[in-house]
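For the sequence shown, the working numbering puts the final residue at 136, and the numbers step up evenly by one. So the structure is just underneath, and the comments pick up after that.
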Amino acid sequence: MSELINNSQKRKELLKHMILQLHEGEAPDLVRKRLIEVLKTIPYDEVVEIEQELISEGLPKDEVLKFCNIHSMVLDWHIHQSHAKPVPPGHPVDTFRKENRELEKVADVIEQLLGQIPSLHDEQIKDLFLKLQGLV
């Protein structure tokens with residue numbers, strides 16, 4: 001069992017190193033090719049764990065989020081997901097996902113309303129704030 005833990009730790013260290021190399025701009029094409037090979041054998045949860053570690057170690061969250069998009073492109077569906085189980089309807093994770101989709105809709109409406117502020121008069125802004133309060 002310890003060899004599995006050590007292998008996991010070694011994979012995570014390698015992945016972290018490679019992500020930092022990409023962040024620092026070191027030979028992006030070469031790093032990308034190596035990263036694809038590594039990601040073919042690494043569980044997705046380890047990728048997420050490394051990203052969280054990088055944030056906790058001081059890499060700005062915005063930088064990690066920027067690289068999440070790059071990671072997604074780099075991964076090109078090469079993440080090992082054989083251990084992932086489908087989420088059944090009604091499971092708390094399923095409910096959480098559905099709630100998030102609804103929150104995204106509300107956030108979009110709020111964003112649209114906030115975008116109207118510069119063109120509104122004082123009376124209209126009061127009405128807008130009441131709408132915003134209702135949405136929140």
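Heads up, the beta-carbon is just placed ideally off N, CA and C, and yes, glycines get one too. None of the values given here were measured: they were computed from a predicted structure.
Quiz item: Quick one: what's got a C-beta closer than 6 Å to Q21's C-beta in the same chain, skipping five residues either side?
Solution: Translated into positions along the sequence shown, residue 21 becomes position 21. Excluding sequence positions up to five before and after Q21, its CB lies within less than 6 Å of the CB of V31, all in the same chain and listed in chain order.
### Enclosing alpha helix (DSSP H) for V119 [first to last residue]
Along the sequence shown, read from residue 1 onward, the residue named residue 119 stands at position 119. Checking the displayed sequence, the identity of residue 119 turns out to be Ser instead of Val. Careful: S119 lies outside any alpha helix (DSSP H) and carries neither H nor E.
task: Note down the Cα distance separating E51 from Q116, rounded to an integer number of angstroms.
output: Taking the sequence shown and counting its residues from 1, one reaches residue 51 at position 51. Taking the sequence shown and counting its residues from 1, one reaches residue 116 at position 116. Between the alpha carbons of E51 and Q116 lies a gap of roughly 36 Å.
inquiry  = For H17 and I36, what's the separation of their Cα atoms in angstroms?
reply    = As a first step, residue 17 is located in the sequence shown; it is residue number 17 there, counting from the start. As a first step, residue 36 is located in the sequence shown; it is residue number 36 there, counting from the start. If I take the Cα positions, the gap works out to 14 Å.
Q.
Taking only three categories from DSSP, how would you classify P43?
A. To locate residue 43, count along the sequence shown from 1; it is residue 43. When DSSP states are grouped into helix, strand and coil, P43 belongs to the strand group.
Taking the C-alpha atoms as reference points, what is the distance between I42 and R97?
Numbered from 1 along the sequence shown, position 42 holds the residue referred to as residue 42. Numbered from 1 along the sequence shown, position 97 holds the residue referred to as residue 97. For I42 and R97, the gap between their C-alpha atoms comes out near 24 Å.
TODO: To the nearest angstrom, report how far apart D45 and L113 are at their CA atoms.
DONE: Here residue 45 is taken as the residue at index 45 of the sequence shown, counted from 1. Here residue 113 is taken as the residue at index 113 of the sequence shown, counted from 1. Here the alpha carbons of L113 and D45 stand approximately 37 Å from one another.
- How many angstroms separate the CA atom of P92 from the CA atom of E99? Here the question's residue 92 lines up with position 92 in the sequence shown. Here the question's residue 99 lines up with position 99 in the sequence shown. Rounded to whole angstroms, P92 to E99 spans 10 Å at the Cα level.
State buried or exposed for I125, treating a residue as buried only when at least 16 other CB atoms are found within 10 Å of its CB. In the sequence shown, residue 125 corresponds to position 125, counting from 1. Classification for I125: exposed.
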